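Asker: The structure is given below, and queries will be raised subsequently.
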Amino acid sequence: MILTETDDLAACHALRRAVFIEEQGIAEAEEWDDLDGQAVHLLAREGDTPLGTARLFVEGTEGRIGRVCVAKSARGTGLGAALIREGCARLAAAGCTRILLGAQCYAIPFYEKLGFTAFGPEYDDAGIPHREMERRL
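Following this line, the structure appears as structure tokens:
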């Protein structure tokens, strides 16, 4: 499996469509925003098959990981954790000392295993309960 930075937004969007729009029922208007052009996109592939993606943002010493998703066929393989670790490494290399993400509440234990801590109240994002999480570097 190869996990790299990519400009292949079509592959990232196809994964996000499959996971967020088709599986989770998020409205297209809520999934697509104008931030993709400002983000660094990570893409995991097995051969020509895209299996996972995430996008990264840097603002000063804070980084943000978002739109993390893994194809159904690759879940349980450690790919999600690999995406988060790679994102953290890239954000650290960019000078970030704090990494933030908005976690779907059911996924909080997954992110806690990767060093993130939940803070603040639960909030609704596209009809799904979320909490902010942080990891200090």
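To get my numbering, take the position in the sequence shown, counting from 1, and add 1. By construction, the Cβ of each residue, glycine as well, lies at the ideal position given by its N, Cα and C atoms. Just so it is clear, the structure is predicted and the values come from calculations on it, not from any experiment.
Please list, in chain order, all residues of the same chain as residue 59 whose beta carbon is under 7 Å from its beta carbon, the five residues on each side excluded.
Answerer: 92, 95, 97, listed in sequence order.
Asker: Helix, strand or coil for residue 58? Go by DSSP, reduced to three states.
Answerer: If DSSP states are grouped into helix, strand and coil, residue 58 belongs with the strands.
Asker: Taking contact to mean at least 3 C-beta pairs separated by less than 8 Å, is the region 116-132 in contact with the region 67-82?
Answerer: Counting Cβ pairs under 8 Å, fewer than three are found: no touch.
Asker: Rounding to the nearest angstrom, what Cα-Cα distance links residue 127 and residue 32 in this structure?
Answerer: C-alpha separation (whole angstroms): 8 Å.
Asker: Consult DSSP for residue 105 and reduce its assignment to one of helix, strand or coil.
Answerer: Strand at residue 105.
Asker: With distances taken from CA atoms, which of 65, 105, 5, 29 is nearest residue 15?
Answerer: The candidate whose alpha carbon is nearest that of residue 15 is 29.
Asker: Grouping DSSP H, G and I as helix and E and B as strand, with all else coil, what is residue 46?
Answerer: In the structure shown, residue 46 sits in a strand (DSSP, three-state: E or B).
Asker: Can you look up residue 76 in the DSSP assignment and give me helix, strand or coil?
Answerer: Reduced to three states, the DSSP call for residue 76 is coil.
Asker: Using three-state DSSP, classify residue 26 as helix, strand or coil.
Answerer: Reduced to three states, the DSSP call for residue 26 is coil.
Asker: Which of helix, strand or coil does DSSP assign to residue 52?
Answerer: In the structure shown, residue 52 sits in a strand (DSSP, three-state: E or B).
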